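These notes concern the structure reproduced below.
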Amino acid sequence: MTNHPEPSPPAKPEIDPDLLAVAQEVFDLARRGDAAMLATVIEKGVPPNLRNDKGDSLVMLASYHGHADAVRTLLEHGADPDLRNDNGQTPIAGAAFKGFNAVIETLLAHGADVEGPSPDGRTALMIAAMFNRTEIMDLLIAHGADPKARDANGVTAMDAAGRMGAGQAQAHLKKLGS
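Residues in the sequence shown are numbered from 1005 upward in steps of one, following our numbering.
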């Protein structure tokens, strides 16, 4: 029997540094919220679901930085409102973490999954509760978020708020009967 060496994995293709620079500029457009320029580059062929090396989509970057107009533009040009990054986080969860109501409203208006949990089962509602974001909690619940949902460890939004000392969120959830 002859020993055959294991084939080496295929080499990753070299990416043109100029192309990487252009991609970086597009990601910066999303971070800055330049809706008009994002529309232009997508119309010229940039994929609306372009992702960076961390898996963050253009929608994720615009959402996390609070740019509702840019998020709307991207979604109207075919971007996925639920595209998760490499950590399994959704744009709606990022906006809940940062406290951007208008971004969440925009995502929901374009079909984002209000319950879309991260890999550990944490929902945007749980994140909003952790940071006393009661307006966002109301918005999410009005769109069908379940205050009794549990993450992978059995933690509810009420529990998450309690662990973070978010008393306003706890009181708000109690008032809602959660």
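Here a beta-carbon is modelled for each residue, glycine too, at the ideal position from N, C-alpha and C. Only a predicted model underlies this, so the values are computations on that prediction, with no experimental measurement involved.
- By the 16-neighbour rule on beta-carbons within 10 angstroms, Gly-1115 is exposed.
- For secondary structure counted as the alpha helix (DSSP H) over 4 or more consecutive residues, the region 1131-1171 holds these complete runs in sequence order: 1138-1146, 1161-1167.
- The shortest CA-to-CA distance from Ala-1132 to any of Gly-1169, Ala-1113, Ala-1083 is the one to Gly-1169.
- Leu-1023 has its alpha-carbon roughly 47 Å from the corresponding atom of Gly-1166.
- In the structure shown, Ser-1067 falls within a helical segment according to DSSP collapsed to helix, strand and coil.
- Selection Ala-1027, Asn-1105, Pro-1095, Arg-1076 evaluated against Ser-1067 yields Pro-1095 as nearest (Cα-Cα).
- When secondary structure is reduced to three states using DSSP, Arg-1055 falls in the strand class.
- DSSP places Thr-1077 in the uninterrupted alpha helix (DSSP H) bounded by 1072-1080.
- In this structure, the straight-line span from the alpha carbon of Glu-1109 to that of Thr-1160 is close to 23 Å.
- Looking from the CA of Ala-1113, the closest CA among Lys-1179, Gly-1148, Gly-1125, Asp-1090 belongs to Gly-1148.
- Contact check for Leu-1180 against Ile-1145 passes: the beta carbons are separated by less than 8 Å.
- By alpha-carbon distance to Met-1064, the top candidate from Ala-1164, Ala-1039, Gln-1093 is Gln-1093.
- By the CB criterion at 8 Å, Gly-1120 and Arg-1154 fall outside the cutoff.
- Residue pairing by DSSP places Ser-1122 in no beta bridge whatsoever.
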